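Here is the structure we will look at.
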Amino acid sequence: MNHDNNPFDDEEDFEHEFSGYLDDDNDVWKSGPLYETWQLACKRWESVMNLLEAALEGPATAATSPEDVHSLPPAEFDPDKTPGPEDARDFLSHHAGMILSEAMLAQVKLQSSGHCLYIIRMENASEIRAKARMIFSSLLLFAAEDMVSRAYVDAVRREITQFRLAFRDWVKEFRKDEFEDEWGLYV
Numbered sequence: 270m271n272h273d274n275n276p277f278d279d280e281e282d283f284e285h286e287f288s289g290y291l292d293d294d295n296d297v298w299k300s301g302p303l304y305e306t307w308q309l310a311c312k313r314w315e316s317v318m319n320l321l322e323a324a325l326e327g328p329a330t331a332a333t334s335p336e337d338v339h340s341l342p343p344a345e346f347d348p349d350k351t352p353g354p355e356d357a358r359d360f361l362s363h364h365a366g367m368i369l370s371e372a373m374l375a376q377v378k379l380q381s382s383g384h385c386l387y388i389i390r391m392e393n394a395s396e397i398r399a400k401a402r403m404i405f406s407s408l409l410l411f412a413a414e415d416m417v418s419r420a421y422v423d424a425v426r427r428e429i430t431q432f433r434l435a436f437r438d439w440v441k442e443f444r445k446d447e448f449e450d451e452w453g454l455y456v
């Protein structure tokens, strides 16, 4: 295997190129506004998660087995059949699971963005924003279908708004590093 085109073929080159970013002993990054604003954003998202899990626990677990959720064989599918209440519950159950999944992915992206390259931090921030916006708007469906009380929906949406403010403060602290985005997105 020819590695002539790989600038990081030699472990020493790799370590030199990324020194300071991969060094676990270097905790300097924990003493500035970037770290403080990131910590606050993480705490805010944890509050969102707690409220969201409480609000969607029932709808997300409405289906007790895979057979309960849209697993009709193709031969039994009838396009002329009018969807019934079971179909709506199945849809909402799936949707609740999807919302919780997106929230958990946002939490992982946020947690992993504390100390990383600018490009990765920006990419994660973009994904976090998209997931938070989707969750914010999707909750209205559950209130409209009386699957979740409007008070829960409003509480989660208020907490997402508080998270958004903390998120904005965190993003303001991002500083572009010397690494170039090969895709040209975060230049």
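If you're matching positions, the sequence shown starts at 270 in our numbering and goes up one per residue. For glycine and all other residues, C-beta sits at the position ideal for the given N, C-alpha and C. No experiment lies behind these values; they were computed from the predicted model shown.
The closest CA to that of S316, considering only V440, I389, A401 and W452, is found on A401. The shortest C-alpha to C-alpha distance from M318 to any of V377, Y304, S300 and S362 is the one to V377.
Residue range R419 to K441 is occupied by the alpha helix (DSSP H) that includes R426. For F411, the enclosing alpha helix (DSSP H) starts and ends at Y387 to A413. E449 and F360 have their alpha carbons spaced roughly 43 Å apart. Here T306 is buried: its Cβ has 16 or more other Cβ atoms, across all protein chains shown, within 10 Å. A direct Cα-to-Cα measurement between C311 and L379 gives close to 7 Å.
The stretch 430 to 446 makes no contact with the stretch 408 to 419; the number of CB pairs closer than 8 Å stays below 3. At least 9 Å separates the beta-carbon of L374 from that of E392.
Taking the Cα of L320 as reference, the smallest distance to any Cα among D446, R358 and I368 is reached at I368.
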